[in-house]
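Participant:
Numbering (the working numbering), first residue to last: 6 to 220.
Rendered as structure tokens:
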């Protein structure tokens with residue numbers, strides 16, 4: 006007999022991580038989305054070089070956890086897959102909004118949006134959906150979702166929001182064809198205002214670059 010896939014709505018719970026404290030000295034809030042295979046508590050270590058008095062970090066946790074390799078020892082997580090993508094996007098966006106509601110951030114702080122690898126797709130979808138004002142948007146070694154259009158980012162003032170695209174010159178996931186496709190999306194979405202930054206290396210985070218991205 007043919008099967009029928011159904012869905013239900015229910016309440017779920019997920020963790021997220023913060024680092025440092027918000028004080029009168031705080032200038033920046035980083036909303037950071039890790040890549041596939043990470044947990045937020047490990048990914049946040051890449052940001053240890055930031056001034057803890059001036060920078061407050063919020064690192065959401067991808068909800069779908071799994072064991073890495075076949076050792077059943079180390080755990081990683083994924084934001085989305087090709088399975089039920091639209092439903093999972095909506096769930097992730099609702100989760101991010103719940104995180105920000107819980108944080109009750111002061112409005113006078115600079116919001117810096119950071120996504121690495123798979124986290125780029127989550128960061129850009131959230132930005133387009135929430136229409137939040139960001140001081141900087143840093144998209145690091147990841148692809149921008151194909152469904153996003155320039156109309157989705159029509160709310161952005163590219164004279165006040167800095168867009169930075171970062172990738173390694175030996176990134177094994179960035180083939181010449183994909184690089185060309187991404188550059189076309191970048192030009193269309195960000196109206197030629199994005200700064201492209203390359204470094205020597207593959208698909209990984211360079212902690213020494215993160216501090217420099219503030220400049």
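Every residue gets a Cβ at the ideal spot worked out from N, C-alpha and C, and that includes glycine.
#1: Determine the extent of the beta strand (DSSP E) in which residue 77 is found, giving its start and end residues.
#2: Are residue 98 and residue 63 closer than 7 Å when you measure CB to CB?
#3: Once the 5 residues before and after residue 199 are set aside, which same chain residues still bring their CB inside 6 Å of it?
#4: Quick one: what does DSSP say residue 84 is sitting in, helix, strand or coil?
#5: Can you tell which of 140, 123, 28 has its C-alpha closest to the C-alpha of residue 117?
#6: Pairs of beta-carbons, one from the segment 66 to 78 and one from the segment 150 to 157, closer than 8 Å: are there three or more?
#7: If I'm right that residue 24 touches residue 83 with Cβ under 8 Å, what's the distance once you round it to whole angstroms?
#8: Ignore the nearest five residues each way along the sequence and tell me which others in residue 42's own chain have a CB closer than 7 Å to its CB.
#9: Between the Cα of residue 187 and those of 146, 158, 112, spot the shortest distance and give me the residue it belongs to.
#10: What residues match up with residue 9 in a beta bridge as DSSP calls it?
#11: Give the range of the alpha helix (DSSP H) segment to which residue 37 is assigned.
Facilitator: With the given structure in hand:
#1: From DSSP, residue 77 is part of no beta strand (DSSP E); its letter is neither H nor E.
#2: Going by C-beta atoms, residue 98 is not nearer than 7 Å to residue 63.
#3: For residue 199, same chain residues with a beta-carbon under 6 Å away, outside a window of 5 residues either side, are 168, 170, 191 in chain order.
#4: The answer is coil: DSSP assigns residue 84 none of H, G, I, E or B.
#5: In terms of Cα proximity to residue 117, the closest of 140, 123, 28 is 140.
#6: Taking a contact to require three or more Cβ pairs closer than 8 Å, the segment 66 to 78 and the segment 150 to 157 do not qualify as touching.
#7: The pair is not a contact, with the Cβ atoms about 22 Å apart (cut-off 8 Å).
#8: Spatial neighbours of residue 42 in its own chain (CB-CB distance under 7 Å, excluding positions within 5 residues in sequence) are listed in chain order as 73, 81.
#9: Of 146, 158, 112, the residue nearest in Cα terms is 146.
#10: In the DSSP output, where bridge partners are listed per residue, residue 9 has none listed.
#11: Note, residue 37: premise wrong, no alpha helix (DSSP H); beta strand (DSSP E) at 33 to 38.
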